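*Asks:*
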Amino acid sequence: MIRLFALALPLPSAVAVPPPPIVIAPSPAPAAASLLSWTPGDVNCGGTAASVVRIERPWLQRVYPNSAKYAPVSFTFDIDANGRPLAIRKGDAAIPFGIADDLGPALAATRFRPGQAKTGCTIVYSPQLTAIDDAPLSALMAYAANPVSGPLPPEAWKRIYETGTCKGDSMAGLRNRAFPNFRAIPAEPGVRDWSMVGYDVGQDGGSINVETLASSGNAALDEASRAATTETRYWSGAFTGCRFAYWRSAGTLSAPALPEEDEFRPANSTCPERRDWATPPVLRFPEPYRRRAIEGWAVVTYDVAPWGEINNVQVKASQPSADFGTQATVVLRSARVKAGTGAVGCVERVRFAMEPDKAETAP
């Protein structure tokens, strides 16, 4: 029975298994680009509304949202007697990497009415997504002048140029582009101004019908941009609806006064005043603040192992934002002291300072 049963079974190698069907799923539609803006809410300091002199809005971002979630982001901060925000600290909202990087710097560049210093202030920034096809032209122009998260997609440029026959300098045959004397234009600390100019090109290649289409509101930059456009020339003419954006770098927003190291030195410190570095710290400016020329500092304490490793890094103070303390920690952890006896209670003041003003620039 066992033998017959075995012979009666088909051999496994003889089983003909049909291949699985090939299913071709439709490709998902590519994500459409959107502009992400952040609207600042009211500022409350201990139950009292703060009077705003100038609210600096965060820069627009180009995003491809898909399933990404953008939640409101809150900040706590203080206001000094001059109306400057200090001790800025972001809340715990989970946001995609690289999103909302300009919220803290924009708050640092905001100004409130001078007077009595305030503590425990709060503000909430609410996100809003607008499809490129629905975005106002002024918003597209604002982003084109400051493309912090990549270039605008072709459909956005099509909207910007749709009213004319001009499709950019390369198509129109640019002969020379004139620029303003940017250093003669006042720069607002922490504010990157821009001006989008519209114009036509006459038969002789000269710029005509010059006007400001949209701008950040710097009247001096608007006037200088129109004057420079009037002096711009092309090899040939008869174009309408040309566009060009000029921008003026932000003026440096200096850091608050830096305290002395002795204020933070632990009583049990065994650290010498000067460290003998095997790998010196490499200062890397926090990029969102560098873009707005906002300076800052941090005071950190740390210990040194006998083999030179830096550990127990603690931020004791940072201004105008906690972000400078976070960056200072990164800077210190990248360094190494020469091997020795080790030490505890070392204190380091890390300064983030801008280079001299580089105003003469444009896209």
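When you line the sequence shown up against mature numbering (1 follows the signal peptide of the UniProt record, and there is no 0), it's residues -16 to -1, 1 to 347, in that order.
Just so you know, even glycine gets a beta-carbon here, dropped at the ideal spot from N, CA and C.
Everything numeric in this text was worked out from a predicted model, so none of it was measured.
For the stretch 296 to 309 against the stretch 66 to 86, are there 3 or more C-beta pairs whose distance is under 8 Å?
*Replies:* Result yes; three or more Cβ-Cβ pairs closer than 8 Å.
*Asks:* For G324 and W261, I'd like the C-alpha separation in whole angstroms.
*Replies:* If I take the Cα positions, the gap works out to 11 Å.
*Asks:* Please report the straight-line C-alpha distance between residue 377 and P173, rounded to a whole angstrom.
*Replies:* Here the chain has residues from -16 to 347 only, and residue 377 is not among them.
*Asks:* Considering only DSSP beta bridges, list what S21 is partnered with.
*Replies:* S21 is bridged to Q112.
*Asks:* Report yes if the CB atom of residue 377 is closer than 8 Å to the CB atom of L205, and no otherwise.
*Replies:* Because the chain is modelled from -16 through 347, residue 377 falls outside the range shown and cannot be assessed.
*Asks:* Buried or exposed: F59, going by 16 or more other Cβ atoms within 10 Å of its Cβ?
*Replies:* That one is buried.
*Asks:* Can you grab the Cα-Cα spacing for the pair V185 / R176, in whole Å?
*Replies:* Near 29 Å, if we compare the C-alpha coordinates of R176 and V185.
*Asks:* So, at 6 Å on beta carbons, what are the nonlocal neighbours of I39 in its own chain, with the 5 sequence-adjacent residues on each side left out?
*Replies:* Excluding sequence neighbours, I39 sits near P24, T94.
*Asks:* Apart from the five residues just before and just after A90, which ones in its own chain have a Cβ nearer than 6 Å to its Cβ?
*Replies:* If we look at A90 and ignore the five residues flanking it on each side, its Cβ neighbours are E40, P42.
*Asks:* If you compare alpha carbons, which of T216, A168, R317 is closest to Y183?
*Replies:* Measuring from the Cα of Y183, the nearest candidate turns out to be T216.
*Asks:* Are A229 and S191 close, meaning C-beta to C-beta below 8 Å?
*Replies:* Against a cut-off of 8 Å, the Cβ pair of S191 and A229 comes out as no contact.
*Asks:* DSSP state of V315, grouped into three classes?
*Replies:* In the structure shown, V315 sits in a helix (DSSP, three-state: H, G or I).
*Asks:* Can you find the residues in the same chain that come closer than 7 Å, C-beta to C-beta, to G152, ignoring five residues on each side of it along the sequence?
*Replies:* There are no such residues.
*Asks:* Assign C330 to buried or exposed, taking buried as 16 or more other Cβ atoms, counted over all protein chains shown, within 10 Å of its Cβ.
*Replies:* That one is buried.
*Asks:* Which of helix, strand or coil does DSSP assign to W281?
*Replies:* It is a strand residue.
*Asks:* Can you tell me the Cα-Cα spacing of T345 and R249, whole angstroms?
*Replies:* Reliability fails at T345, whose pLDDT of 49 lies under 50, so the model's placement of it is uncertain and no value is given.
*Asks:* Between G30 and G104, which are expected to be in contact by the criterion C-beta below 8 Å, what is the C-beta distance as a whole number of angstroms?
*Replies:* Indeed they touch by this definition, with Cβ atoms about 5 Å apart.
*Asks:* Rounded to whole angstroms, what's the CA-CA distance from L(-8) to K53? Just pull it up for me.
*Replies:* Its pLDDT being 35, under 50, L(-8) is placed unreliably in this model, and the coordinates cannot settle the point.
*Asks:* Measure from the alpha carbon of L237 to the alpha carbon of each residue in G280, R258, E271, T263, then state which is nearest.
*Replies:* If we check each option's Cα against that of L237, G280 comes out closest.
*Asks:* According to DSSP, is L70 helix, strand or coil?
*Replies:* Strand, per DSSP.
*Asks:* Return helix, strand or coil for P173, following the three-state DSSP convention.
*Replies:* Correct three-state label for P173: strand.
*Asks:* S307: which of A327, T285, P272, P290 sits nearest, CA to CA?
*Replies:* For the sequence presented, residue 307 should be read as Asp rather than Ser. Taking only the C-alpha atoms, the option nearest D307 is P272.
*Asks:* Would you identify the three-state DSSP class for E257, choosing helix, strand or coil?
*Replies:* Note: E257 maps to coil in three-state DSSP.
*Asks:* State the CB to CB distance for the pair residue 348 and G67, rounded to an integer number of angstroms; the pair is presumed to be in contact (CB under 8 Å).
*Replies:* Past the edges of the chain, shown from -16 to 347, lies residue 348, and the structure says nothing about it.
*Asks:* Quick one: measure Cβ to Cβ for G157 and Y109, integer angstroms, because I've assumed they're closer than 8 Å.
*Replies:* About 44 Å; that fails the 8 Å criterion.
*Asks:* Compute the Euclidean distance between the alpha carbons of F213 and E139, then round it to the nearest angstrom.
*Replies:* It is worth fixing the name first, because residue 213 is Thr in this sequence and not Phe. The alpha-carbon atoms of T213 and E139 are separated by roughly 25 Å.
*Asks:* Round the Cβ separation of L113 and L20 to the nearest angstrom and send it over; I've been treating them as touching at under 8 Å.
*Replies:* About 6 Å; that satisfies the 8 Å criterion.
*Asks:* Just verifying my parser: in three-state terms, what is the DSSP assignment at G88?
*Replies:* Three-state result, G88: helix.
*Asks:* Under a three-way DSSP split, which group does F308 fall into?
*Replies:* In this structure, F308 counts as helix in the three-state DSSP scheme.
*Asks:* Could you tell me which residues DSSP puts in a beta bridge with C226?
*Replies:* Bridge partners of C226: Y183.
*Asks:* Out of A327, D118, S220, I144, point me to the one whose CA is closest to A129's CA.
*Replies:* Closest by alpha carbon: I144.
*Asks:* Please report the residue range of the alpha helix (DSSP H) in which I144 lies.
*Replies:* I144 -> alpha helix (DSSP H) spans 138 to 145.
*Asks:* With H, G and I counted as helix, E and B as strand and the rest as coil, what does DSSP make of Y127?
*Replies:* If DSSP states are grouped into helix, strand and coil, Y127 belongs with the helices.
*Asks:* Using the rule of at least 16 other Cβ atoms within 10 Å of the residue's Cβ for burial, across every protein chain shown, is V266 buried or exposed?
*Replies:* Classification of V266: exposed, given that the 10 Å Cβ count is below 16.
*Asks:* Nearest to F269 by alpha carbon, out of V315, G221, A115?
*Replies:* Ranking V315, G221, A115 by Cα distance to F269 puts V315 first.
*Asks:* Where does the unbroken alpha helix (DSSP H) through S191 begin, and where does it stop?
*Replies:* Looking at the DSSP string, S191 is not in any alpha helix (DSSP H); the run it does join, the beta strand (DSSP E), is 191 to 199.
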